[in-house]
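Data block below; observations after.
The following block contains the structure:
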């Protein structure tokens, strides 16, 4: 049996892709800060978190994104792939969608 994966809403967060394809800018190799703690940006895999826990995790993820050298690249990528969850360049998927709608 062959499975076909629907690519819609299957965007990989940079934390899940950075080691296989490092980001480069002006010849410098950048690893996004999110590679060091992927679940901080994407949420726990095996645990259901409360709304308060999620808000606290997202606040910390935003702080990590604020100093990330790959933030602009992450934002450009996120605006292209239109994620449905996670923190991308310091914004939630909903905030990115709102930002994109305002820019249009």
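In my numbering, the protein residues as written are 172 to 275.
Each residue gets a CB set at the ideal place from its N, CA and C atoms; glycine is no exception.
This one's a predicted model, so the numbers in the text were calculated from it and none came from an experiment.
Nearest to residue 210 by alpha carbon, out of 225, 264, 199, 254?
When only C-alpha atoms are compared, the closest one is 225.
Mapping the DSSP letters down to three states, classify residue 263 as helix, strand or coil.
Note: residue 263 maps to strand in three-state DSSP.
Where residue 263 and residue 208 are concerned, what is the direct C-alpha to C-alpha distance, given to the nearest angstrom?
Rounded to whole angstroms, the gap between the alpha carbons of residue 263 and residue 208 is 17 Å.
CA-CA distance, residue 232 and residue 265?
Taking the CA atoms as reference points, residue 232 sits about 15 Å from residue 265.
Inter-residue CB distance, residue 267 and residue 249 (contact presumed, cutoff 8 Å):
Under the criterion of beta carbons closer than 8 Å, residue 267 and residue 249 qualify as touching, at roughly 5 Å.
Taking DSSP as the reference, what is the three-state secondary structure of residue 220?
Three-state DSSP puts residue 220 in coil, outside helix and strand.
Do residue 204 and residue 252 have their CB atoms nearer than 8 Å?
No, these two residues do not count as a Cβ contact at 8 Å.
To the nearest angstrom, how far is the alpha carbon of residue 269 from that of residue 275?
Their Cα atoms are separated by approximately 10 Å.
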